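Just below is one structure, and these are the notes that go with it.
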DNA sequence: TAATAGTTGACAATATTACTAGGTTAAATC
DNA sequence: GATTTAACCTAGTAATATTGTCAACTATTA
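Residue numbers (my numbering), protein chains in the order written: chain U, 419 to 563; chain A, 419 to 563.
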């Protein structure tokens, strides 16, 4: 799992929608303004988010984007995966003929690391992040670590 | 903590040295060949690794790079930090005036995530990765998760 | 001492990715 | 129906990542 500003923008935007959602769609210009992200960039990100089925769109005035599932049903990892293709986790590309090959000693580390990060991010829903002072996340952290 | 291919290259190269080290320095062309990383790029990465004090270099024939500490004394996170500057973890840049501001709801998530990843990577040494079939890492994983 | 194998550093060149700008289309309101 | 608002699409530019080249400089070896 690759972690860049792109991932963060996508998550931030999704959080913004979840946070401000009151049944009505949220427009990208709104998000762009609130979160200080370029509108064009947001459009590209949301193109992917839509393709991945995470959001639905309504055109025209009053339109915008809505989460296609509940905020407690969308985890951070799927948002990131929607906009950022996976990082090749190993030099060998994860090929199975790489077992115990000294040319690919980092295979396991990156594999494991990827799994760890993904696990961490798969345990956190948009709703949990939004919940005041993030007590939910703190709980996760304390119990898991 | 930003995670990109660059980070992986650096870690992979360090692991290669640790793995092949028998008291003698390891040359970059060797690593480039074994790990399929461009020599030029390796040179740039090792320039940083040296500046950070993680490796020492020996010039001339038979020269190359050596770890400046034991492989069990170098953790993955410091390798990554040496080559990759930190990712801004939040849109607000972590400024303290951002508390409970709805414009920066993702603040805590990214902060926490960064800490988690760093913790994970700070618990793993080069030596642990190299140890056959990574039993050490598995142990860490099981106990922590 | 000459030749060689290696590091080191400075650039330039290319490739890939991040980000921006502008136009087109769809729906709503006036 | 004209205007507005917003999604959508197609580029372009800017920034990084990656590779390539060349010229010192250093130690080894013959």
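The beta-carbon is built from N, C-alpha and C at its ideal position, and this holds for glycine as well. Every value quoted in this text rests on a predicted model; they were computed, and no experiment measured them.
Check your understanding: With contact counted as at least three CB pairs below 8 Å, one residue from each stretch, are the segment 475–493 of chain A and the segment 540–549 of chain A in contact?
Key -> yes
Review point. Can the beta-carbon of residue 501 (chain A) be found less than 8 Å from the beta-carbon of residue 457 (chain A)?
Key: Taking the first residue of the second chain as position 1, residue 501 (chain A) is located at position 83. Taking the first residue of the second chain as position 1, residue 457 (chain A) is located at position 39. Not in contact: residue 501 (chain A) and residue 457 (chain A) (Cβ atoms no closer than 8 Å).
**Study point:** chain A residues whose Cβ lies nearer than 7 Å to that of residue 420 (chain U)
**Key:** For the purposes of this step, residue 420 (chain U) is taken as the residue at position 2 of the first chain. 421, 422, listed in chain order.
Exercise for review: Return no unless some Cβ of chain U is closer than 8 Å to the Cβ of residue 538 (chain A).
Suggested key: Counted from its first residue, the second chain places residue 538 (chain A) at position 120. At least one chain U Cβ lies under 8 Å of residue 538 (chain A).
Check your understanding: Interface residues of chain U around residue 535 (chain A) at Cβ under 7 Å?
Key -> Within the second chain, the letter at position 117 stands for residue 535 (chain A). The answer, in chain order, is 535.
Practice item. Count the other CB atoms, across all protein chains shown, that sit within 10 Å of the CB of residue 534 (chain A); report buried if there are 16 or more and exposed otherwise. Key: Translated into the one-based positions of the second chain, residue 534 (chain A) becomes position 116. Looking at its Cβ environment, which holds 16 or more other Cβ atoms inside 10 Å, residue 534 (chain A) is buried.
Check your understanding: Where does the unbroken alpha helix (DSSP H) through residue 474 (chain U) begin, and where does it stop?
Key -> By 1-based counting over the first chain, the position of residue 474 (chain U) is 56. Note, residue 474 (chain U): premise wrong, no alpha helix (DSSP H); beta strand (DSSP E) at 473–476.
Exercise for review: Could you tell me which of U:442, U:432, U:472, U:498 sits nearest to residue 450 (chain U), measuring between CA atoms?
Suggested key: Your numbering for residue 450 (chain U) matches position 32 in the first chain. Comparing Cα positions, the closest option is U:432.
Review point. Taking the runs of the beta strand (DSSP E) that are 3 residues or longer, which of them lie wholly in the segment 428–508 of chain A?
Key: 473–476, 482–485
Check your understanding: Based on Cα-Cα distance, which residue from U:430, U:485, U:459, U:477 lies nearest to residue 470 (chain U)?
Key -> As a first step, residue 470 (chain U) is located in the first chain; it is residue number 52 there, counting from the start. Among U:430, U:485, U:459, U:477, the Cα nearest to that of residue 470 (chain U) is on U:485.
Practice item. Answer yes or no: the CB of residue 546 (chain U) versus the heavy atoms of the ligand ADP, is any distance below 7 Å? Key: Absence of the ligand ADP is noted for the structure shown, with no ligands found whatsoever.
Review point. Rounded to the nearest angstrom, how far is the Cβ of residue 503 (chain U) from that of residue 472 (chain U), given a contact under 8 Å?
Key: Walking along the first chain from the start, residue 503 (chain U) turns up at place 85. Walking along the first chain from the start, residue 472 (chain U) turns up at place 54. That belief does not hold up - the Cβ atoms of residue 503 (chain U) and residue 472 (chain U) are roughly 16 Å apart, past 8 Å.
Point to revise | Pairwise C-alpha distance: residue 429 (chain A) and residue 475 (chain A) | key: By 1-based counting over the second chain, the position of residue 475 (chain A) is 57. By 1-based counting over the second chain, the position of residue 429 (chain A) is 11. Spanning the two alpha carbons is a distance of roughly 17 Å.
Check your understanding: Using a Cβ-Cβ cut-off of 6 Å (strictly less than) and excluding sequence neighbours within five positions of residue 445 (chain A), which residues of its own chain qualify?
Key -> For the purposes of this step, residue 445 (chain A) is taken as the residue at position 27 of the second chain. Excluding residues within five positions, the ones whose Cβ falls inside 6 Å are 482.
**Study point:** Identified DSSP bridge partners for residue 421 (chain A)
**Key:** Taking the first residue of the second chain as position 1, residue 421 (chain A) is located at position 3. Answer is U:421.
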